[in-house]
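Scroll down for the structure; my scribbles are underneath it.
Residue numbers (the numbering used here): 1200 to 2310.
If you want it as structure tokens, here you go:
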């Protein structure tokens, strides 16, 4: 009894748990030190300081004996910066000190267990055996990782020198630290010395592992024959709980076992490898790969490291040759074996996922299959990652093994792993409820019965087991299952010592029952930990380049691209790589996880948008082939070519290619796969952040739609400065919208909202990103190119055709009618909508207001002259240049107004076709309003494409451009402006270009636009002043203009006009006067006849028609 109390007081179980956790934390800290020391951007700046170079070289050469006081010149800069050095290097130094302390504790525990002659058997005392082996391997990996820190001597020596200068003595732990650094320059050799005395326990642990390892490390063919992961292999057993005598070993990682076998077998090779079972395992582990995981992405290149270690001691030639033979086998067989395993696992996990998704209740009895499958798949992923990074480069092209090492189907395997994880998380309550009932109704009864019948237990052991059996029979929300599992761990430690009165070897059924019960308890409260143990892929966090390579390669393979988002979901595992002993890396790893998730989703959406673009371009080509012009070309070609041979050849080609997948088919297939991947998960949760792939796709599609609109507006144009014709643009837009509308068949998105958002933004001047829209681009082009060329005399506005025509033989880079005829303007209306037309009209009218202001400035210079002219009814002045300027600006105003009216006409026609009910309602309202009422709803009527009595847009523009002018002065200027225009009208007839052509109802100098300009200017200016005198002012203008025209005719007939001022197109003046009255709401033909003979108008029309009819 005294010894038993002593064994329980040793706290072996508790120490194994604590030391293994501390070892994991220490590995994390050492790993970070190694990475920072190898990165010049992160490593302490003192190590790169030129002034420190001499001191560092001295420290490394003399380490660990460094006398800084006798080398004051060398350490002068160290003494100066002692405080900064201590502050910067203290974390590094005390990490090494903690490592030394941890190593001492581990060696003390291992020695204690060896002294107590603990018996280890993984099938019986599983927790004790795995805890012991993990502790030994953690010690080995810590020491190997320590030896790989490049600046370890410099850091320790520099810190100690600074500490010495500050405190007058060396840091207390430095001598032992220095000795540890020297001892572990060659870690395997020193570890061999340390662990050989403890090889008895290692031997017993590895020997017990033999059956488990051989059974687990099988080829895929044997897995297939045994149907190891299949739930349907035995249908009659499908509802029975999965049970084995070594239940915990079934999901024990093969990667972990390889590390136990290789590291322990190598360090204690003299004794362990003499046993055939251990040697066979060690040999098999070496043949299955060329490297092992040390920690994260730090690997142990097994054959090279072991060979160097064995060569350091004489008499190991046979072992060295065996290592070389294993290396040759690994190079030849490892890749195909693991590739075959992954192929098998893809099918097995797919089947398992489908079954459990259909019948979640199977997770209760068959959850062990899930852990086994996840663990096997994770082992293969880990193996592939480290071997892709470490495999020797082959110079042979088309090497099959290299292709298998790449494994482009890896995303599918990872996808099914994540799907199984999600199913376990989703149905945790099913598993928990099943095993809660199982434990209380079976395990507790069996445990109570066995504990009662077991002999040889000490009092404390019996109490512990009785309490365990009682607790599992009465589990409730307050029961701490961790304490129960720890009690079983303690029992294993107590009864495994040599002098224990109870031996688990003699009570194997009891040990199996307890291990199974502990497994069932884990299913109740440790499901998350089980998922982390069997399927955690946080290792990808430290293989960033490989991760990026994997998901980019996945997107490039249509058959795998639906699994691309598994790499975004993997980033949710990264925080599990954190450890409480290294909190400083939390931000870094979290940021890396968020960045990868964001990058994967963005790249997937980008690829999807590129596919959409390809489909849209193909749809556009099909639409262009159905246009009248393309159809006409094909019809003509068919008439000209020899039909028989061509038809036969086409039929033969169709027969040959009927099976082949076309490029659009490939695009569609890839598109469906990508959409399936994006639509598979509504949300992805990573480090307290939520990512919505569909929201990403929506934003990407909106951005791509805008990009496509802007691209197709300018592409394939003969002149890149000219946009696509509106009709062609509308055709392209409709083709692209067709593709977007078909997105609904592949993924659930609000496509209508996407198109409405984008197209509505394109009707504004700028979009949500503050970039130019289709509306602003078309507006800018029409104003700065089309209308500017028209105002320069290169184009003629045809009233008959309602379009711009080329004037004379000018070679323009585009045909004006391709952008201004009614068909094109209706297409433009459909593209930019009423909002866009309103914006374009406002910009047009703003230019009209600017022209009016310029004419007003000219009028202000000749105010007195115009007052006299108005009293004398058009007495001519000698201001020829000013008159020509006013006349030219009036023509420009007329052109702009004519084009604006054509836009409104197109808008009205589109509204009538698209919104007939709204149009009819507006017409009923409009018909019952008087003139002033129509003026008041001028903006509404303009939005419907209806021209009101007064151009309210021009009224507002003039008011905005003249905010500081006194109303009375502006009114006088407006009156004088009309006087000036009336005086200038007769000058129209002095140009040959003013000849009126009835066939197009236009003059070559666009003077036929003057009536529209006059009516628009007059009605707007006088409505602005609200004196209700528009009709009066118009009558005065008509009287003044008609008298001026008649006076000019009289003077011509009397020969009193100089030859250069002679009338050349007097008929045009009559027609302009008549059209001004006919298009004016405030004047009638009676008023015209009162001041101008109408027979002159009829004669003018007759003469122009006859002249136009002559060849």
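C-beta atoms are modelled at their ideal positions from N, C-alpha and C, and glycine is treated no differently. Note that this is a predicted model, so its numbers are computed, not measured.
Cα-Cα separation, residue i to residue j
{"i": "residue 1329", "j": "residue 1494", "result": "18 Å"}
{"i": "residue 1409", "j": "residue 1477", "result": "7 Å"}
{"i": "residue 1562", "j": "residue 1741", "result": "32 Å"}
{"i": "residue 2315", "j": "residue 2209", "result": "With the chain running from 1200 to 2310 in the structure shown, residue 2315 is simply not present."}
{"i": "residue 1174", "j": "residue 2022", "result": "One cannot answer for residue 1174 here, as it falls past the ends of the chain, which runs 1200 to 2310."}
{"i": "residue 2283", "j": "residue 2195", "result": "23 Å"}
{"i": "residue 2116", "j": "residue 2198", "result": "37 Å"}
{"i": "residue 1264", "j": "residue 1252", "result": "18 Å"}
{"i": "residue 1864", "j": "residue 1870", "result": "10 Å"}
{"i": "residue 2300", "j": "residue 2167", "result": "41 Å"}
{"i": "residue 2174", "j": "residue 2000", "result": "34 Å"}
{"i": "residue 1243", "j": "residue 1958", "result": "55 Å"}
{"i": "residue 2293", "j": "residue 2205", "result": "23 Å"}
{"i": "residue 1965", "j": "residue 2032", "result": "15 Å"}
{"i": "residue 2129", "j": "residue 2136", "result": "11 Å"}
{"i": "residue 2222", "j": "residue 2002", "result": "30 Å"}
{"i": "residue 1220", "j": "residue 1513", "result": "37 Å"}
{"i": "residue 1710", "j": "residue 1661", "result": "14 Å"}
{"i": "residue 1314", "j": "residue 1498", "result": "33 Å"}
{"i": "residue 2276", "j": "residue 2287", "result": "7 Å"}
{"i": "residue 1270", "j": "residue 1344", "result": "32 Å"}
{"i": "residue 2112", "j": "residue 2148", "result": "24 Å"}
{"i": "residue 1668", "j": "residue 1643", "result": "5 Å"}
{"i": "residue 1874", "j": "residue 1987", "result": "48 Å"}
{"i": "residue 1671", "j": "residue 1439", "result": "21 Å"}
{"i": "residue 1708", "j": "residue 1692", "result": "18 Å"}
Helix, strand or coil at residue i according to DSSP, with G and I counted as helix
{"i": "residue 1971", "result": "strand"}
{"i": "residue 1647", "result": "helix"}
{"i": "residue 1280", "result": "coil"}
{"i": "residue 1439", "result": "coil"}
{"i": "residue 1445", "result": "coil"}
{"i": "residue 1737", "result": "helix"}
{"i": "residue 1497", "result": "strand"}
{"i": "residue 1492", "result": "strand"}
{"i": "residue 1242", "result": "coil"}
{"i": "residue 2196", "result": "strand"}
{"i": "residue 1265", "result": "coil"}
{"i": "residue 2143", "result": "coil"}
{"i": "residue 1223", "result": "helix"}
{"i": "residue 2307", "result": "helix"}
{"i": "residue 1758", "result": "coil"}
{"i": "residue 2076", "result": "The predicted model places residue 2076 with a pLDDT of 46, which falls under 50 and marks its position as unreliable, so this point remains unresolved."}
{"i": "residue 1371", "result": "coil"}
{"i": "residue 1965", "result": "strand"}
Endpoints, beta strand (DSSP E) assigned at residue i
{"i": "residue 1693", "result": "No beta strand (DSSP E) contains residue 1693, which is instead part of the alpha helix (DSSP H) from 1680 to 1694."}
{"i": "residue 1884", "result": "1883 to 1885"}
{"i": "residue 1996", "result": "1994 to 1997"}
{"i": "residue 2005", "result": "2002 to 2005"}
Segment limits, alpha helix (DSSP H) that includes residue i
{"i": "residue 1402", "result": "1398 to 1415"}
{"i": "residue 1890", "result": "Element bounds for residue 1890: not the alpha helix (DSSP H) but the beta strand (DSSP E), 1888 to 1890."}
{"i": "residue 2148", "result": "Taken as a continuous stretch (DSSP letters only), residue 2148 belongs to no alpha helix (DSSP H), as it is neither H nor E."}
{"i": "residue 2175", "result": "2166 to 2183"}
{"i": "residue 1829", "result": "1827 to 1839"}
{"i": "residue 2292", "result": "That residue, residue 2292, is in no alpha helix (DSSP H); it is neither H nor E in DSSP."}
Any C-beta of chain D under 9 Å from that of residue i
{"i": "residue 1807", "result": "Absent here is chain D; the protein component of the structure consists of one chain."}
8 Å contact criterion, which residue i and residue j should meet: CB distance rounded
{"i": "residue 1611", "j": "residue 1759", "result": "6 Å"}
{"i": "residue 1369", "j": "residue 1359", "result": "5 Å"}
Any non-hydrogen atom of the ligand SAM closer than 8 Å to residue i Cβ
{"i": "residue 2239", "result": "Here there are no bound small molecules, and the ligand SAM is not part of this structure."}
- Message: Using 8 Å as the cut-off, can you tell me whether the segment 2028 to 2048 makes contact with the segment 2133 to 2146, which would need three or more C-beta pairs spanning the two stretches below that distance?
- Response: yes
- Message: Quick check: the segment 1646 to 1659 against the segment 1787 to 1798, are at least 3 beta-carbon pairs closer than 8 Å?
- Response: They do not touch, by the three-pair rule.
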